[in-house]
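>
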Amino acid sequence: MASYYTHAQQAYWVYGGVGLKVGKDIQNNEFYVEAVTKGTPAERAGLVRNDKLISVDGTSVAGIPTSEVGALLQGEEGTNVTLIIQHAGSEESAEVELTRERYAVKQEFKAFSPEQSGGLYTGSSGVKPPAALYVAALGMKKGGKRTVQVPAAVAYGENGYNEIPENSDITMEIEVLSIA
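Take the sequence shown: its letters are residues 1 to 180, numbered as in full-length UniProt numbering.
1. Please state if the CB of residue 86 and the CB of residue 51 are separated by a distance shorter than 9 Å.
2. Are there 16 or more other CB atoms within 10 angstroms of the CB of residue 23, so buried, or fewer, so exposed?
3. Taking the beta strand (DSSP E) that residue 48 falls in, what are its first and last residues?
4. Buried or exposed: residue 57, going by 16 or more other Cβ atoms within 10 Å of its Cβ?
5. Beta-carbon within less than 7 Å of residue 18's beta-carbon, same chain only, minus the 5 sequence neighbours each way: which residues are those?
6. Note down the Cα distance separating residue 177 from residue 63, rounded to an integer number of angstroms.
7. I'd like the list of long-range same chain contacts for residue 66, defined as Cβ closer than 8 Å, with 5 residues on each side in sequence excluded.
8. In the DSSP assignment, what are the bridge partners of residue 135?
Next comes the structure, spelled out in structure tokens:
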């Protein structure tokens, strides 16, 4: 339930929902908050990046498609939605009731060139890492290593890019070299 409009040479997406962008950890089929839009019900309720989303209105989100989770979160302005979440770094789950509202998000236009990026998830203007990478890095210490697998579509879209075949997975090895 999103609409798109332009005003004064600026583009906006208008949503009816709570202000959450979620992403799926493909290894364990769990959803995590990737972004919270400022001034929305989710921000006012204290939800933050990397919070784990367990259920929406009593429906478990484990294993369901991302599009379905998005549809569960969106809805008519003024309607309530109940989330069960687990705050990042906590073992306890919490129930959060939010009232959906309309909000606008300014469309960002950034050029992305994989040849000049220095790597898949580098730089401030390139593709942002999925929440699963942050979760994978939780608790790591200097010298620690982990392997994480993400779909290429996360970074390059469903059609891949040059040598990245469409619908493939990218396996990343994370190693903590130093802690500043």
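Glycine residues also receive a C-beta, built at the ideal position from the N, C-alpha and C atoms.
For this structure:
1. At the C-beta level, residue 51 and residue 86 come within 9 Å of one another.
2. buried
3. Careful: residue 48 lies outside any beta strand (DSSP E) and carries neither H nor E.
4. Burial state of residue 57 is exposed, judged by a 10 Å Cβ sphere holding fewer than 16 other Cβ atoms.
5. Hits under 7 Å: 40, 41, 42, 73, 81, 98 and 100.
6. For residue 177 and residue 63, the distance between alpha carbons rounds to 34 Å.
7. 22, 23, 24 and 31
8. Answer by DSSP bridge pairing: none, since residue 135 is not bridged.
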